[in-house]
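Accompanying notes for the structure given below.
Chains as they are written, first to last, in the numbering used here: chain W, 1 to 105; chain V, 1 to 396.
Right, here's the structure in full:
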């Protein structure tokens with residue numbers, strides 16, 4: 001299993017760099033993973049998205065649909081891409097410590 | 001596992017090189033001289049054939065910054081055995097309308113892929129995109145940078161508006177009832193956001209065919225199929241019809257008798273077409289291209305809902321707007337697509353195509369939601385189906 005090391009922290013991740021053990025997530029984890037996804041600094045707007053994803057995941061066990069994410073956080077899709085350049089699935093979900101979202105290619 | 005040249009032994013795959021047709025095995029073997037990934041690719045595939053089991057993992061998420069699609073992540077599930085294909089991601093590159101390239105453009109594309117990937121391409125994938133097969137995560141951004149510098153962009157993947165595609169249309173075909181190439185390009189430009197940043201419950205495809213021959217199979221694969229059609233009469237050249245007859249064409253048997261709506265008659269000297277009964281099947285035009293042509297009042301029919309069987313079964317598109325004049329096509333499609341997306345986005349389940357949504361809620365509700373009136377052309381056989389719903393009190 002690959003590991004990801006940053007700021008003297010070490011995480012078990014899958015091949016795409018998603019956290020393997022969602023239970024160990026905390027805010028430091030989000031900051032650590034931000035370094036791989038082109039996010040320079042986590043602002044209030046970032047946390048709004050991350051916390052929404054995190055809470056949705058804890059409640060339902062999956063990531064929300066894109067439309068729901070935009071509706072509930074009030075961000076348009078292109079604003080989410082400005083916050084998380086690698087996108088909601090690869091970027092925001094990874095920072096929120098969700099397992100890799102599944103979907104069709 | 002390897003022979004004396006260090007190449008993997010591929011007893012089963014070699015069977016696919018036999019026969020007169022092209023073989024992907026031969027092509028990959030040829031490329032293995034310049035691309036080290038190819039040997040491991042062949043090795044893993046041979047193993048898959050032996051074990052009857054695929055060795056690609058499902059569902060990698062990789063990409064380039066700013067885009068949510070265009071790259072399909074592939075990982076081997078036995079990377080220790082085949083380290084050179086531990087990563088083998090696919091990049092979709094948006095094809096030019098009608099797949100017209102200069103030789104220079106093709107060389108540039110292949111050069112980029114030999115520098116940043118396996119050098120193997122698929123020209124073209126069934127989505128229509130130019131497909132670059134096999135690269136590592138680290139090579140994605142450099143490949144993307146070179147592609148954009150050369151004037152190319154990524155195509156769509158995931159739950160987005162997929163790369164629109166079009167038949168060669170008026171560039172090479174006199175039957176094109178509208179400019180498929182221009183429409184495809186205009187739609188691609190108009191929906192860059194929806195193409196690169198997946199916003200939908202699932203994929204949405206638009207394909208543009210110039211005439212009912214439907215060379216891009218829009219009716220079978222596109223959520224919105226744009227199929228060229230004419231409104232007036234078939235253009236007929238009687239002299240050319242006689243020449244076909246003189247040259248030995250059996251017009252009664254091979255043309256009239258094959259007409260699905262039996263709208264043609266041949267008295268041995270004159271062909272008569274009852275144009276009001278014509279269903280635009282193209283058969284007579286295909287058989288006698290020098291004598292018959294689509295009419296002059298040209299445009300397209302818009303059809304909705306087809307898909308291949310992935311989650312649920314296959315569907316064909318059905319008519320939504322029977323005729324749109326060629327010059328109004330872009331505006332009409334944009335307005336229609338806006339309404340369709342609003343409804344689908346609101347009510348579509350995760351991974352539900354628009355055709356499946358229509359089946360679930362019923363065509364009547366769908367039409368109501370997008371503000372279209374039902375029309376007889378939406379029914380496959382209006383002559384056999386009176387298409388009248390009696391209310392209970394009326395039926396007494």
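The beta-carbon is built from N, C-alpha and C at its ideal position, and this holds for glycine as well. Every value quoted in this text rests on a predicted model; they were computed, and no experiment measured them.
Counting only the same chain and skipping the five closest in sequence on each side, list residues whose C-beta sits under 7 Å from that of residue i.
| i | result |
| --- | --- |
| residue 13/V | 25, 42, 45, 46, 49 |
| residue 219/V | 225, 227, 303, 306, 316, 317 |
| residue 4/W | 11, 13, 17 |
| residue 6/W | 32, 35 |
| residue 79/V | 86 |
Can you tell me which of the three DSSP states residue i falls into?
| i | result |
| --- | --- |
| residue 13/W | strand |
| residue 177/V | coil |
| residue 104/W | Note on residue 104/W: pLDDT 43, under 50, position unreliable in the model; the coordinate value appears next. Coil. |
| residue 8/V | strand |
| residue 281/V | coil |
| residue 263/V | coil |
| residue 203/V | coil |
| residue 301/V | strand |
| residue 41/W | coil |
| residue 112/V | helix |
| residue 273/V | strand |
| residue 71/W | helix |
| residue 34/V | coil |
| residue 226/V | strand |
| residue 184/V | helix |
| residue 372/V | coil |
| residue 209/V | strand |
| residue 242/V | helix |
| residue 36/W | coil |
| residue 133/V | strand |
| residue 4/W | strand |
| residue 63/W | coil |
| residue 19/W | strand |
| residue 148/V | helix |
| residue 161/V | strand |
| residue 231/V | coil |
| residue 392/V | coil |
| residue 120/V | strand |
| residue 154/V | strand |
| residue 292/V | strand |
| residue 166/V | strand |
| residue 76/W | coil |
| residue 307/V | strand |
| residue 220/V | helix |
| residue 143/V | helix |
Would you mind giving the Cβ-Cβ distance between residue i and residue j, rounded to the nearest angstrom? I have them listed as a contact below 8 Å.
| i | j | result |
| --- | --- | --- |
| residue 181/V | residue 97/V | 4 Å |
| residue 261/V | residue 279/V | 5 Å |
| residue 77/W | residue 66/W | 7 Å |
| residue 95/W | residue 21/W | 15 Å between Cβ atoms; not a contact. |
| residue 322/V | residue 247/V | With a Cβ gap of about 36 Å, residue 322/V and residue 247/V do not count as contacting. |
| residue 69/W | residue 81/W | Rounded, the Cβ-Cβ distance is 12 Å, inconsistent with contact. |
Note down, in chain order, each residue of its chain lying with its Cβ closer than 8 Å to the Cβ of residue i, except the 5 sequence neighbours on either side.
| i | result |
| --- | --- |
| residue 131/V | 90, 91, 92, 93, 121, 122, 123, 124, 125 |
| residue 163/V | 92, 94, 95, 127, 128, 129, 155, 156, 188, 195 |
| residue 212/V | 227, 228, 229, 280, 281, 282 |
| residue 110/V | 119, 121 |
| residue 340/V | 224, 304, 354, 370 |
| residue 75/V | 56, 57, 60, 86, 87, 88 |
| residue 104/W | With a pLDDT of 43 at residue 104/W, under the threshold of 50, the modelled position of that residue is not reliable, and the figure given next carries that caveat. Excluding sequence neighbours, residue 104/W sits near nothing in its chain. |
| residue 171/V | 98, 100, 181 |
| residue 68/V | 158, 160, 196, 197, 198 |
| residue 64/V | 70, 71, 140, 141, 144, 154 |
Can you list, in chain order, the residues of its chain with a C-beta nearer than 6 Å to that of residue i? Leave out the 5 residues immediately preceding and following it.
| i | result |
| --- | --- |
| residue 73/V | 60, 61, 62, 89 |
| residue 237/V | 291 |
| residue 152/V | 93 |
| residue 49/W | 73, 92 |
| residue 216/V | 165, 167, 207, 209 |
| residue 204/V | 161, 223 |
| residue 63/W | 93, 98, 101 |
| residue 311/V | 351 |
| residue 29/W | 97 |
| residue 35/V | 118, 119 |
Strictly under 9 Å for the Cβ-Cβ distance: is residue i near chain C by that measure?
| i | result |
| --- | --- |
| residue 28/W | The chain inventory of the structure shown lacks chain C, comprising the protein chains W and V. |
Counting pairs of Cβ atoms below 8 Å between the stretch 52–71 of chain W and the stretch 16–32 of chain V, do you hit three or more?
The stretch 52–71 of chain W vs the stretch 16–32 of chain V: no contact.
For the 8 Å Cβ check, are there 3 or more pairs between the stretch 186–199 of chain V and the stretch 231–244 of chain V?
Not touching, per the Cβ criterion.
4 or more residues per run - each alpha helix (DSSP H) lying fully within the stretch 310–368 of chain V
Within the stretch 310–368 of chain V, the complete alpha helix (DSSP H) runs of at least 4 residues are 329–347, 354–361.
Give the list of continuous beta strand (DSSP E) stretches no shorter than 3 residues that lie fully inside the stretch 44–109 of chain V.
Qualifying beta strand (DSSP E) stretches, in chain order: 90–93.
Any chance the stretch 142–149 of chain V sits against the stretch 262–275 of chain V, with 3 or more Cβ pairs inside 8 Å?
Cβ pair count under 8 Å is below three, so no.
Contact between the stretch 323–330 of chain V and the stretch 168–179 of chain V: three or more CB pairs below 8 Å?
Yes: the two stretches touch, three or more of their Cβ pairs being nearer than 8 Å.
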